[in-house]
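S.K.: The structure's right below; bear with me while I get my questions together.
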Amino acid sequence: MSTPKPYSLNSRAVADATMQWLARRNVSVLQIAELAHDLQKAYYPDLTVEECIVHVESVLAKREVQNAVLTGIQLDLLAEEQKLLPPLQDMIMNDEPLYGCDEVLALSIVNVYGSIGFTNFGYIDKLKPGILKRLNEKNGRDCHTFLDDIVGAIAAAAASRIAHRKHAELEQQQ
Ligand SMILES: [Mg+2]
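1 is the number of the first residue of the sequence shown in UniProt numbering; add one for each residue after it.
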């Protein structure tokens, strides 16, 4: 009888799975970058979407962020497959307003870049621009209860990263 291989974390596999699952759920880095651009363009008129892509990629390279993406997408998928236990199944499938664990999980992403992220996250969650609009449409088949908050949080974290970097650049110039 062969002994099972001891568990060891494969960081590359986690990072790869994060990008693959976002793509499989029809969310692109560009769409998240557009949200981050929306959040910051008023403060930095020269900011380009291309620049925002780099910041989104940096956010997605963080372990905490990858963990939240994989966990959230997994729960959405299990809800779509009707595999969750009642009453959680119906609560997640119907995006129950009094169920807040989706927002709480997304906050672990926002946390990575400090308090500006919270403001941006709240703002984007209210307005639901761009890709967030599609993720919030209910068709009774797809479940994005976790993914919408996760995508908003990645954009908010990228926006915070932009604000911090831009400020540092300004200080260097002075
Ligand atoms: Mg949600």
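Glycine included, each C-beta is placed from N, C-alpha and C at the ideal position.
1. State yes or no: is the C-beta of F121 nearer than 8 Å to some heavy atom of ligand 1?
2. Under a three-way DSSP split, which group does residue 176 fall into?
3. Specify the secondary structure class of N111 as computed by DSSP and reduced to three states.
4. Report yes or no: do the segment 102-112 and the segment 35-48 share at least 3 C-beta pairs separated by less than 8 Å?
5. Consider the C-beta atom of F146 and the heavy atoms of ligand 1; say whether any pair is separated by less than 8 Å.
6. With a threshold of 8 Å, are at least 3 pairs of Cβ atoms found where one atom belongs to the segment 126-143 and the other to the segment 72-91?
7. Is the closest heavy atom of ligand 1 to the C-beta of E103 under 8 Å?
8. Identify, in the order they occur along the chain, each residue of the same chain with its Cβ nearer than 6 Å to the Cβ of S58, setting aside the five sequence neighbours on each side.
9. Assuming A156 contacts G117 (C-beta within less than 8 Å), just tell me the rounded distance between them.
10. Assuming A68 is part of the alpha helix (DSSP H), what are its boundary residues?
11. Name the two residues that bound the continuous alpha helix (DSSP H) containing Q40.
12. Taking Cβ positions, are I154 and V56 nearer each other than 9 Å?
13. Regarding D142 and ligand 1, is the C-beta to nearest heavy atom distance less than 8 Å?
14. Since L60 and G130 are thought to touch, with beta carbons under 8 Å apart, how far apart are those beta carbons, to the nearest angstrom?
15. For D149, is the beta carbon positioned less than 8 Å from some heavy atom of ligand 1?
M.R.: Looking at the coordinates:
1. Judged by the Cβ position, F121 fails to qualify as a neighbour of ligand 1 at the 8 Å threshold, every heavy atom of the ligand being at least this far.
2. Nothing about residue 176 can be read from this structure; the chain reaches only from 1 to 174.
3. DSSP, reduced to helix, strand and coil, places N111 within a helical segment of the structure shown.
4. no
5. yes
6. The segment 126-143 makes contact with the segment 72-91, as at least three CB pairs between them are under 8 Å.
7. yes
8. none
9. 5 Å
10. R63 to E80
11. V29 to Q40
12. yes
13. Not under cutoff, so the answer is no.
14. Rounded, the Cβ-Cβ distance is 17 Å, inconsistent with contact.
15. Yes, ligand 1 has a heavy atom inside 8 Å of this Cβ.
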